[in-house]
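Have a look at the structure below before the remarks.
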Amino acid sequence: MATTSVRALFQSNGGYAALALRVPVGVILAAYGAQKLFGWFGGYGLEGTGQWMASIGLTPGYLMALLAGSAEFFGGLALVLGLLTRPAALVSAFTMLVAAFSVHIGNGLFMSNNGYEYALTLFAATLALAIQGAGHVALDNRVLALLSQGKSAA
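Here the sequence shown stands for residues 1 to 154, numbered as in full-length UniProt numbering.
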């Protein structure tokens, strides 16, 4: 039997617009995570990213790279699929907030100066998904339907 809090985790009032937000943001996050974790797309992998994170004061660097890379990669994949959208979006939003304040804030707003505009944009998008949920086209809806079937069978 699903509790009210579990149901709230999977329910959504995002409509179809959430799909338009979820998929591109998820792809972008997954790609950034793949850079950190696997060195794909010109990234430095865990070792290189960990060394860089340690150099800016995020220690232990390897662990921070693993956490950030995992949040972005697995959170991004979850957003694309619309699976556990709220927790994935919340973890991703937190990761973007850390990136904005630890890496970009001192450079001003604009990306051309390595500023925080992109991290802020991804933060806003993931926060919106955490609030509204996955929308109509998402695996979260299938999970919710399965939970409802289980409740009616009990």
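Where a beta carbon is used, it is the ideal one built from N, C-alpha and C, also for glycine. Being a predicted model, the structure only gives us computed values, none of them experimental.
* To do: Could you pull the start and end residues of the alpha helix (DSSP H) that P87 belongs to?
  => T85 to A99 is the extent of the alpha helix (DSSP H) around P87.
* Asked: Assuming G69 contacts L139 under a Cβ cut-off of 8 Å, what Cβ separation, rounded to an integer in Å, is found between them?
  -> So it is not a contact: roughly 23 Å between Cβ atoms.
* Asked: When DSSP labels each residue in this structure, what does L146 get in the three-state scheme?
  -> Per DSSP, reduced to three states, the secondary structure at L146 is helical.
* **the stretch 108-115 contacting the stretch 129-139, beta-carbon criterion three pairs below 8 Å** => No, the stretch 108-115 does not touch the stretch 129-139.
* Compute the minimum distance between the beta carbon of G133 and the heavy atoms of the ligand SAM, and state whether it is under 8 Å. => Looking for the ligand SAM in the displayed structure turns up nothing, as the structure carries no ligands at all.
* Segment limits, alpha helix (DSSP H) that includes P24 -> DSSP places P24 inside the alpha helix (DSSP H), whose first and last residues are A17 to F38.
* Candidates T95, F94, T85 and L146: closest to A134 by CA position -> Cα-wise, what sits closest to A134 is T85.
* Would you mind stating whether V91 and A71 have Cβ atoms separated by less than 9 Å? => In this structure, V91 lies near A71, with their beta-carbon atoms less than 9 Å apart.
* Asked: In angstroms, rounded to a whole number, what distance separates the CA positions of G42 and G48?
  -> Distance between the alpha carbons of G42 and G48 is about 12 Å.
* Classify V6 as helix, strand or coil using the three-state DSSP reduction. => Of the three classes helix, strand and coil, the one that applies to V6 here is helix, per DSSP.
* To do: State yes or no: is the C-beta of A31 within less than 9 Å of the C-beta of L46?
  => Result no, Cβ atoms of A31 and L46 do not sit closer than 9 Å.
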